[in-house]
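Worksheet for the structure shown next.
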Amino acid sequence: MKKLLPYCLLRAACRSFLLLIMLLSGNLPQLFAQSGLLPFRDDFNRSTLGANWKTDFGWSIQSGSAYSPYDAGNLITDLNYAADSYIIETSAMGFTGSYWREFRITFGQDDVDDQKTYVLNYGPGTDGLLSLGRATDNIFYPDPLDQTSIYPALAQAQWYKFKIARYKSGLIQVYLDQGSGYGTLPVLEAIDSAYQQLGHFGWTISTQTAGEDFYVDWIEARKPEIEKPAVLEKPVEDDLITQVSAASGKVYKVAKLVNGTKMYTDRNYKITSIPAYLQGASFIQTANDDKGETNSLWLTTFMKKPVVVYIAYDVRAKILPDWLNEWHKTGDIIRTTDPGPGNMEVYSKTLEYWQQYPRPFILGANLASPAKGSNMNYLVIAVPVPASKNLEAEDAKVFGAKVANDHVGYSGRGFVDFVNQKQDYIEWTTQTEVPGTYNFGFQFANGDKISRSLRLTIDDILIGTSNFIPLSANWNNWAFYSGEKAYLKPGTHKIRITANGSSGPNIDYLIVNFNSDYPEQTLPGSYARTTAPDFEIVNPLIESRPMAYPNPFVSSTTITYVLPETAAVNLTVYTIQGQKQAVLVDQVQAAGKYEVKFNAGDQITGSGSYLYHLKQGNTVSVGKLIKQ
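Converting from the sequence shown to the numbering used here requires adding 697 to each position, the first position being numbered 1.
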């Protein structure tokens, strides 16, 4: 035994040295993978994937990289790794947005056939959204833990490195190297302990239609050098504005707009007076040294919610830049300590869907063409779009009419029943914080044979008159009418609907809904009357609302609707006066989505407004059709 022991030790030492040489040369991933221990690294410097990876027909090796040209596939480790603290790092290329591609790194997966795993997901087709989530039953729909938008999107023909650090404490941090190294702070961060061990990990690609080339140059997993506690390191973001950058590279910060706040990051000028509706709003402190810049694409940021954006612009400006010309001039002023004088005029705009997160919101520079006269850089301010208000009729002031509950289907404690032909009214009192055009809609029932009209006034100013058409002979059928629009300033308002000579329908509630930041036609007082809306008149409680497209239309339109369950369906087109024009559906239909084409040329000859009446079981929806 004395002669054998040195020989065994020598053989073990030689073997360890050989393993180390093979590891350093990138030729030993299979042997390391057999242990299920860290470190793990695969450089794909061979002809086949080998034992590291669960067999997937979509992946092979090409020129020293794992490669997939297919529309979907998994590059997932064959072994399960027990480490509860680890760092995954990998380099990949081919992040095209074509065909709605999505790219995922999954980790913490106990079984490769189990969908319980952490998911780092990048979707170029979803405006470059990089998200960290926890999947419980489907990796395509994980519960979000953190997300950010990558702008500009990752290029298809460039290598990018990803690093995921997960600690025993539950802290998960994600870093992205886009060519200049990892940042000091993670781009994504969360604390979660759902999946304690590294388990299986690797890449997954998917698309809706066709494949594209995708490459993984290398992937590794190792133990971290230090353990981190469950403490988030990223600064807490503003609740509305995130990821602010300027083409100059100067520091732009997000702050709250209150009296005494600094205007700029590079000046000590202060805000001294703010319109009440902007007090406490999120705003971007720009750099005043950028005031002379003329680039048409200058400031990039992301708005995390539907917002109204305000630009505070130098009152001395003689000509506005083109990018600001379409904004609404509010007439309000922000005053400052800039001795210039540094007062600023306020312009507003409601962001469109395509300007909201995860899509970037981009503004031009202060003196972008053809701007002249501005001697101070603008500020960017954002407030949330006001939430809809649901005001029950039975809780309002009621005159002549009566509160009732003798029909089913209402919300709250009951509804209001108009008794007299005229003068009966319902009056709500509500507070408006953000100025803008609001829509006033009503949940109503009309089981009579004639239309009933109501006059809408706000603070004693006539806004318009609405006709509520008969729904059926049943007062238990409720529908929603989108009503009139009016511009409201901040403050307390009295909204009244009054019987106009034919009594009124039963009114369940009023919805006050923010429509836009600007008035369309100015009337005396605080209001701007707008033209009659072309919105769908539907039941707002239905998850998938019926709608017609195109609308307006010339000869035909298609009405779509969704049945949550099997029901008797009747779809009929009427004139505004309630005259039947066409019955499109009258039968029992199974649950599902339906599209019904209405060839108006075969049914009606005149242009104008029509109504479609959709009855699904006990649910009734009414929508407007515009024939040109």
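Every residue, glycine too, gets a C-beta built ideally from N, C-alpha and C.
Residue environment, residue i, which counts as buried when at least 16 other CB atoms sit within 10 Å
i            : result
residue 1251 : exposed
residue 996  : buried
residue 1306 : exposed
residue 923  : exposed
residue 1311 : buried
residue 1296 : exposed
residue 1318 : buried
residue 1129 : buried
residue 943  : buried
residue 1189 : exposed
residue 928  : exposed
Residue span of the beta strand (DSSP E) that contains residue i, given as start and end
i            : result
residue 739  : 737–739
residue 657  : As shown, the chain starts at 698 and ends at 1325. That puts residue 657 outside it, with no answer to give.
residue 1153 : 1149–1155
residue 780  : Where residue 780 is concerned, there is no enclosing beta strand (DSSP E), given that its DSSP letter is neither H nor E.
residue 769  : 769–773
residue 1047 : 1041–1047
residue 1174 : Where residue 1174 is concerned, there is no enclosing beta strand (DSSP E), given that its DSSP letter is neither H nor E.
residue 961  : No beta strand (DSSP E) holds residue 961; DSSP gives it neither H nor E.
residue 1020 : Where residue 1020 is concerned, there is no enclosing beta strand (DSSP E), given that its DSSP letter is neither H nor E.
residue 1110 : From DSSP, residue 1110 is part of no beta strand (DSSP E); its letter is neither H nor E.
residue 980  : 978–982
residue 1289 : 1289–1296
residue 1258 : 1253–1260
residue 1158 : 1158–1165
residue 1267 : 1264–1272
residue 1116 : No beta strand (DSSP E) contains residue 1116, which DSSP labels as neither H nor E.
residue 644  : This structure cannot settle anything about residue 644, because the visible part of the chain is limited to 698 through 1325.
Option nearest residue i by Cα separation, candidates the options
i            : options                : result
residue 1146 : 987, 910, 790, 1276    : 1276
residue 1263 : 1278, 1279, 1286       : 1286
residue 1204 : 1246, 1123, 1129, 867  : 1123
residue 986  : 968, 976, 1002, 962    : 962
residue 1108 : 1090, 1259, 1323       : 1090
residue 993  : 984, 1021, 1102        : 1021
residue 957  : 966, 896, 950, 1199    : 966
residue 784  : 838, 750, 1027, 860    : 860
residue 807  : 1187, 1214, 1267, 781  : 781
residue 1159 : 1193, 1301, 977        : 1193
residue 1272 : 1314, 1166, 1294, 1182 : 1166
residue 1325 : 1282, 1254, 1293, 1267 : 1254
residue 990  : 1032, 1062, 1024       : 1062
residue 1289 : 944, 821, 978, 1313    : 1313
residue 1260 : 1284, 1013, 759        : 1284
residue 981  : 960, 1267, 855         : 960
Contacting residues, own chain, Cβ-Cβ under 6 Å from residue i (five flanking each side not counted)
i            : result
residue 812  : 832, 834, 835, 836
residue 692  : This structure cannot speak to residue 692, because the chain is shown only from 698 to 1325.
residue 801  : 816, 818, 901
residue 738  : 917
residue 847  : 825, 827
residue 839  : 816, 830, 831, 832
residue 764  : 757, 912
residue 1026 : 1044
DSSP bridge partner residues for residue i (one or two, in chain order)
i            : result
residue 1306 : 1323
residue 996  : 943, 1060
residue 897  : 806
residue 1138 : 1208
residue 743  : Partner(s): none; residue 743 has no beta bridge.
residue 846  : 826
residue 1203 : 1142
residue 965  : In DSSP, residue 965 forms no bridge with anything.
Cutoff 8 Å; reference residue i; Cβ partners in own chain excluding five residues on either side
i            : result
residue 930  : 870, 882, 883, 886
residue 1101 : 1111, 1112, 1113, 1114, 1203
residue 753  : 770, 771, 772, 773
residue 1118 : 1196, 1198, 1199, 1200
residue 879  : 858, 860, 872, 873
residue 724  : In this predicted model, residue 724 has a pLDDT of only 44, less than 50, meaning its place in the structure is not dependable; the value taken from the coordinates is given anyway. So the qualifying residues of the chain are 742, 743.
Cutoff 7 Å; reference residue i; Cβ partners in own chain excluding five residues on either side
i            : result
residue 762  : 741, 912, 913, 914
residue 767  : 755, 908
residue 1213 : 1047, 1133, 1134
residue 1096 : 1121, 1122
residue 1058 : 998, 999, 1000, 1048, 1052
residue 973  : 1187
residue 1011 : 1041, 1071, 1072, 1073
residue 1002 : 937, 1081
residue 1210 : 1085, 1135, 1136, 1138
residue 1143 : 1149, 1165, 1166, 1167, 1168, 1202
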